[in-house]
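Asker:
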Amino acid sequence: MTTGIEQTAALSPAAARLDAAIARVVASGNCSGCGACALLDPGLEMRMSPDGFLRPTRVSPAPADATVAADLADAADIADAADVAVVTDVDDDAVRRFDAACPGVTVSAARPPGSTRHPTMGPVVRAWKAWATDSDIRHRGSSGGALTAIAAWLLETGQAARMVGATADSSEPRRTVSVTIMSRADAVAAAGSRYAPTANAAQPAALQNGSVFVGKPCEASAIRSLVGSRPAAAAAEAGGDPVILSFFCAGTPSQHATDALVSSLGVSADEPLADLWYRGRGWPGRFTAVRRDGASVDASYDESWGSTLGPSVQWRCKICADGVGESADITAADFWRADAHGYPVFAEGAGRSALIARTERGYEIVLQAVEAGVISVTPMDIDDLAAVQPLQTTRRSTLAGRLVGSRLAGGPVPSFRGFGLLVLAVGRLRETVRMARGTYQRRKRAAP
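Following the working numbering, the numbering of the sequence shown begins with 1 at its first residue and continues without gaps.
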C-alpha cells in the first residue's frame, strides 16, 4: 500500500494481502476514511492526507517485530485498564472481513427483523420527532440533542460501559478526534456535529461488548459488519453487542475547509483557538471559533456549510447510497421546518430531531429513554421526514446516474446491494441521465 512511509520489515502474507486490498480502495477514490481497516491490523493508523482527509497509513509491520510487539503489549495493558480489547495481529481472515465491511468495497441495505423498508429513508421500526428534556443537552446538541441524551443516559445508568464518539481536539480545536468516553459529563461535552474528518470506526472500543458507538453512516455500516464477523468468544462476552447510533450525513468535508473558514473569519492560521464548534448552541447553530481571549467569530449554518464545508466533501461521499445511517439501531436527523414550498428553513429555534428506531433493540431503547424522562417524542410519519430532507431523497433517487457515469469514465465504484437504486432512478430518469453525463465528464477531466 502506498502510504509515503518507508517499510522497515517484511509484512506477513496476511498483512500484505490486506495492504493490497486497502490500496485498491484508496487509489480508486472510494475510501471514506471510516477507519475500520485499522481495527483489522495494528500496524495501520488513520492519518491526514495532503488533501485533508483521513486515510489508512502503515506505521509498523504486522505481525510486529520485537520493538513493536512491546509497544502493542503496553497498549494492551492500557486498554485492559479501560476494559477495551486490542487487536495484536493480522488474522488470515482479515481480507475477507475487510471486503465485507469496508464502505469503499460494499455497502448492503439493512433489513432488520421487525422493520419496514422506506425507499429513501431505510428500515423503520418506528419514527418520532424528538428532543432532549435536559435543556443544556438540547441547546448544545445539533438538532435537539436526542442522540446525546440517549448515549449519556445509557452510560449514567450502567447500561453501557463506554461510548465511542468524536469531539474537538483539546490542544487544537480546529481538528476533530475520535474518543472513548466513560462518563455522562464527557458525553454531554462532546455533543454537536463535527463537519470534519474523523475515524470513529478505528477505535478498538467500537467492537467491545457494552459499548455505545456513535458514528457516520459509513462507520455504522462497517462496525455492524465487523461485529457480525467477530470470533464466537468475543461475541459471547458480557454486555451484549455494541449499541450503534448514527445520523443523517451529507458527507465529510476536507480539513482544509475548516481551516479556510476560520481564516476567512479573520483568525490567522497560526493563532491558537480555545474552542471550535460547527453547530449546536442553538438550532441549527452557528459555526463558531473561540479565541484564547474569549472573543469569537462565527458564520451561519447556511454560510459555513453552503459556501465552504459542503463544496469540499470527498468523492466517496458523493456516491454514497446510505447517508441515512441504515445500519444503526437508532438514527437521528434534523427535522427541518419547511417553507410554503416544502423546502427546509434554517432559521434559529429550539432543536428538534427526527429519531428513527431501525431495529427492535433500538425501539426498546427509545421507549425506555422516554419512560425515564430523558427524551420527549411525538410520533412522526417517515414520509414527512423525507419531505424535509431533499438532499438525501434526491441523492439516493439519482445515484444510479453517478455510479454509471463514473464506471463509464473508468472509475471503480463500491457495490451497493439492496437499495433499489435502479427502481428509484426510473422515477427520476431525466435527472439520473443528467447526473450520469455530468459525472462522466467530471471523472474524465480528473483522470490522469
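Using N, Cα and C, we set each Cβ at its ideal position, and we do this for glycine too.
#1: By the three-class DSSP mapping on this structure, what secondary structure does Ile-365 have?
#2: Can you list, in chain order, the stretches of the beta strand (DSSP E) that have 3 or more residues and sit fully within the stretch 285-365?
#3: Taking all protein chains shown into account, decide if Ser-170 is buried (16 or more other Cβ within 10 angstroms of its Cβ) or exposed.
#4: I'd like the list of long-range same chain contacts for Val-253, defined as Cβ closer than 6 Å, with 5 residues on each side in sequence excluded.
#5: Between the stretch 242-258 and the stretch 208-224, do at least 3 Cβ pairs fall closer than 8 Å?
#6: Look at Ser-415 and Ala-130 and say whether their C-beta atoms are less than 7 Å apart.
#7: Let's see if you can read the secondary structure: which residues bound the beta strand (DSSP E) around Trp-277?
#8: Name the DSSP beta bridge partners of His-118, please?
#9: Sorted by chain position, which residues of the same chain lie with C-beta nearer than 6 Å to Ile-78's C-beta, five sequence neighbours on each side aside?
#10: Mind checking whether Met-46 and Ala-199 have CB atoms under 7 Å apart?
#11: Using a 10 Å radius around the Cβ and a threshold of 16 neighbouring Cβ atoms, would you call Asp-51 buried or exposed?
#12: Taking the alpha helix (DSSP H) that Gly-242 belongs to, which residues open and close that run?
#13: Report all residues from its chain with a CB closer than 6 Å to the CB of Ser-327; omit the five preceding and five following residues, and keep chain order.
#14: Taking all protein chains shown into account, decide if Thr-157 is buried (16 or more other Cβ within 10 angstroms of its Cβ) or exposed.
#15: Could you give the distance in angstroms between the alpha-carbon of Gly-104 and the alpha-carbon of Arg-24?
#16: Going by DSSP in three states, Pro-390 sits in which element: helix, strand or coil?
#17: Just grab the DSSP bridge partners of Phe-419 for me.
#18: Looking only at its own chain, which residues have a Cβ that is under 7 Å from the Cβ of Glu-237, when we skip the five neighbours before and after it?
#19: Check whether the stretch 180-190 and the stretch 318-325 touch, using three or more Cβ-Cβ pairs below 8 Å as the test.
#20: Which of the three DSSP states is assigned to Gly-266 in this structure?
#21: Is the beta carbon of Ser-300 closer than 7 Å to that of Arg-286?
#22: Give me the residue from Arg-361, Phe-335, Ala-357 and Val-90 with the minimum Cα distance to Gly-351.
#23: Just the C-alpha distance for Leu-367 and Ala-425, rounded to the nearest angstrom, thanks.
#24: Given a cut-off of 7 Å, decide if Arg-437 and Ala-409 are closer than it, judged by their beta-carbon atoms.
#25: Residues in the same chain with beta-carbon distance under 6 Å from Gly-405, minus the five sequence neighbours each way, listed in chain order, please.
#26: Alpha carbon to alpha carbon, how far is Leu-391 from Arg-445?
#27: Return the residue from the list Val-59, Trp-128, Leu-39 and Arg-17 that minimises the CA-CA distance to Ala-357.
#28: Per DSSP, what kind of secondary structure is Leu-147 in: helix, strand or coil?
#29: Smallest Cα separation from Gly-306: which of Arg-117, Ala-27, Ala-257 and Thr-116?
#30: Can you grab the Cα-Cα spacing for the pair Asp-381 / Glu-371, in whole Å?
#31: Whose C-alpha, out of Leu-261, Pro-217 and Gln-255, is nearest the C-alpha of Glu-303?
#32: Tell me the rounded alpha-carbon separation between Ser-466 and Ala-295.
#33: Taking its Cβ as the centre, do 16 or more other Cβ atoms sit within 10 Å of Val-124, making it buried, or is it exposed?
#34: Identify the residues that DSSP records as bridge partners of Ser-22: which are they?
#35: Skipping 5 residues on each side, what residues in its chain have a beta carbon closer than 7 Å to that of Ala-160?
#36: Check for me: the alpha helix (DSSP H) holding Met-435 runs from which residue to which?
Answerer: The short version:
#1: In the structure shown, the three-state DSSP call for Ile-365 is helix.
#2: 287-291, 296-299, 330-334 and 353-357
#3: exposed
#4: The question names Val, but residue 253 in the sequence shown is Pro. Only Tyr-195, Leu-309, Ser-312 and Val-313 meet the Cβ criterion.
#5: The answer is yes - the stretch 208-224 touches the stretch 242-258, with three or more Cβ pairs under 8 Å.
#6: no
#7: 273-277
#8: Paired residues: Gly-122.
#9: In this prediction, Ile-78 has a pLDDT of 38, which is less than 50 and means its spatial position is unreliable; nothing more can be read from the coordinates.
#10: yes
#11: Counting the other Cβ atoms within 10 Å of the Cβ of Asp-51 gives fewer than 16, which makes it exposed.
#12: With the sequence shown as reference, residue 242 is identified as Pro, and Gly is not the correct amino acid for it. Neither: Pro-242 is in no alpha helix (DSSP H) and is coded neither H nor E.
#13: Correct list, in chain order: Ala-110, Ala-220, Ser-221 and Arg-224.
#14: exposed
#15: 9 Å
#16: If DSSP states are grouped into helix, strand and coil, Pro-390 belongs with the helices.
#17: Residue pairing by DSSP places Phe-419 opposite no residue, since no beta bridge is assigned to it.
#18: Close CB contacts of Glu-237 within its chain, under the 7 Å cut and outside five residues either way in sequence, are with Asn-209 (chain order).
#19: no
#20: Gly-266: coil per DSSP, three-state reduction.
#21: yes
#22: Of the candidates Arg-361, Phe-335, Ala-357 and Val-90, the one whose C-alpha sits nearest the C-alpha of Gly-351 is Phe-335.
#23: 36 Å
#24: no
#25: In the same chain as Gly-405, and ignoring 5 residues on each side of it, the C-beta atoms closer than 6 Å to its own belong to Ala-436, Thr-439 and Tyr-440, in chain order.
#26: 25 Å
#27: Trp-128
#28: helix
#29: Ala-257
#30: 21 Å
#31: Leu-261
#32: What is shown of the chain runs 1 to 448, which leaves residue 466 out entirely.
#33: buried
#34: Position check: residue 22 holds Ile in this sequence, whereas Ser was assumed. Ile-22 pairs with nothing; no bridge assigned.
#35: Leu-154, Gly-210, Ser-211, Val-212 and Val-243
#36: Counting along the chain, the alpha helix (DSSP H) containing Met-435 begins and ends at 429-446.
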